[in-house]
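Asker: After the structure tokens below, expect a handful of questions from me.
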Amino acid sequence: MSRTAELLRARSTMVWMALVVATLWSFWLGTDHGIASAEARSIIIFLVAFLKIRFIGLDFMELREAPTQLRVTFEGFCMLACVVLIGFYLAY
Amino acid sequence: MSHAVKDDPMSDIAEVRPLRIPGELGLWALILSDSVVFTLFFAAYLFDRGRHPKLFAEGQHTLEQTYGIINTLLLLTSSFLVVTGVRAVRQRWTTVAPWLFVGAIACGVGFGGVKFLEYGEKLSHGIGPGTNSFYTHYFTMTGLHFFHVLVGLVLLVLMARLSHRAVLSTKQLNFIEGCGCFWHMVDFLWIIIFPLLYLIR
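These protein sequence lines map, in sequence, to chains R and Y. Residue numbering for the first sequence follows my numbering, beginning at 32 and increasing consecutively. Residue numbering for the second sequence follows my numbering, beginning at 161 and increasing consecutively.
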């Protein structure tokens, strides 16, 4: 296998492709397509965004290989921020 | 170059790593505190948006969504180039690693170019941070983020320069990893800013 192929044969490459697809899908939803309810679309967009951040943390920032406390702090923060922002979106 | 890698026993050790903190702990304190600060900005935006729905909807309509998506894809791709660059550094591939960081710099500069166009259009229409509460949020959030992009670009230049070297100390490797994590933070903050300002209705 060539060295370039070896360099690119990583989980992070797949994650990048998935993140691009997720971004395009969110954009499609966000430009008023797919689901009739604007509220439902917005909530899905928030959830997709935080899911993307989680994978950036785990696979780009390499938290998958980090000590559990750090990984849990990061994932906990993502979940909390997601809940808070969706909460603010719905409440105000 | 390839024989140097095979001769280097460290290249195997670097690929099979035990649980460890990427970069260093201090950097993670910065990443988490920055993320908390930005989350407060995001919550404040949603709060004000709820109080002035019409004003914020009108403001959002003046934003060019195409700029937002281009910038999201540029940052995602730059992050991917950084991850791959860090892998190349660990594999001691000194001819390729710097170019991956240069590619990431190019994406970051592209992001800056799009921001320049976007701000330029707003300012030429007489719209600034003081126009109304929507634009105050818009300029504060994107401006503070852009400041992080500029810091990140300086770090990427340092990474590109270091990654030329055939031998790196553990400290230098940690520095490269840490700078990479900072750049990923720049990426993920934009991943919230983009839908928040441009997409959610």
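Where a beta carbon is used, it is the ideal one built from N, C-alpha and C, also for glycine. Model, not experiment: these values are computed from the prediction.
1) Starting from the beta carbon of residue 78 of chain R, find every residue of chain Y whose beta carbon is closer than 9 Å, and list them in chain order.
2) Please report how far the alpha carbon of residue 195 of chain Y lies from the alpha carbon of residue 37 of chain R, in whole angstroms.
3) At the level of alpha carbons, what is the spacing between residue 57 of chain R and residue 311 of chain Y?
4) My output table needs one value for residue 308 of chain Y: the three-state DSSP class, helix, strand or coil.
5) Do the CB positions of residue 353 of chain Y and residue 305 of chain Y come within less than 7 Å of each other?
6) Using a Cβ-Cβ cut-off of less than 7 Å, list which residues of the stretch 215–234 of chain Y approach chain R; keep chain order.
7) Assuming residue 263 of chain Y and residue 241 of chain Y make a contact with CB atoms under 8 Å, what is their CB distance in whole Å?
8) Using DSSP with H/G/I as helix, E/B as strand and the rest coil, what is residue 289 of chain Y?
9) Is residue 249 of chain Y near residue 181 of chain Y, with beta carbons less than 7 Å apart?
10) Could you please give the first and the last residue of the uninterrupted alpha helix (DSSP H) stretch that includes residue 347 of chain Y?
11) So that I know if they touch, is there some Cβ in chain R lying closer than 7 Å to that of residue 153 of chain Y?
12) Just curious, the alpha helix (DSSP H) that residue 127 of chain Y is in, first and last residue?
13) To the nearest angstrom, how far is the alpha carbon of residue 106 of chain R from that of residue 269 of chain Y?
14) For the structure I just gave you, are there three or more beta carbon pairs, one from the stretch 342–353 of chain Y and one from the stretch 309–327 of chain Y, closer than 8 Å?
15) At a cut-off of 6 Å, would you count residue 69 of chain R as near the ligand SAM, judging by its Cβ distance to the nearest heavy atom?
16) With DSSP run on the structure shown, which of helix, strand or coil describes residue 62 of chain R?
17) Note down, in chain order, all residues in the stretch 233–254 of chain Y with a beta-carbon under 8 Å from any beta-carbon belonging to chain R.
18) Could you check where the alpha helix (DSSP H) with residue 39 of chain R kicks off and where it finishes?
19) Which residues in chain Y sit within 8 Å of residue 135 of chain R, going by Cβ to Cβ distance?
20) So, with DSSP's three-state summary, where would you put residue 251 of chain Y?
21) Starting from residue 87 of chain R, trace the alpha helix (DSSP H) both ways and give me its first and last residue.
22) For residue 232 of chain Y, which residues in the same chain have their Cβ closer than 6 Å to its Cβ, ignoring the five residues on either side in sequence?
23) Could you say which of R/94, R/97, R/61 and R/41 lies nearest to residue 78 of chain R if we only look at CA atoms?
24) Would you report the Cα separation of residue 218 of chain Y and residue 282 of chain Y, rounded to the nearest angstrom?
25) For residue 76 of chain R, I'd like the list of residues in its chain whose CB is within less than 8 Å of its CB, leaving aside the five on either flank, ordered along the chain.
Answerer: Walking through what the data contain:
1) Here the premise fails: no neighbours, minimum Cβ distance about 10 Å.
2) 34 Å
3) 28 Å
4) helix
5) yes
6) 225, 229, 232 and 233
7) 5 Å
8) coil
9) no
10) 330–354
11) Only positions 161 to 361 of chain Y appear in this structure, which leaves residue 153 of chain Y out of reach.
12) A query on residue 127 of chain Y cannot be resolved here, the shown segment of chain Y reaching from 161 to 361 and no further.
13) 30 Å
14) yes
15) Ligands are entirely absent from the displayed structure, and the ligand SAM is therefore not among its contents.
16) coil
17) 233, 236, 237, 239, 240, 242, 243, 244, 247, 248, 251 and 253
18) 34–39
19) Examination of residue 135 of chain R is not possible in this model, given that chain R is present from 32 through 123 alone.
20) coil
21) No alpha helix (DSSP H) holds residue 87 of chain R; DSSP gives it neither H nor E.
22) 354
23) R/61
24) 14 Å
25) 57, 60 and 61
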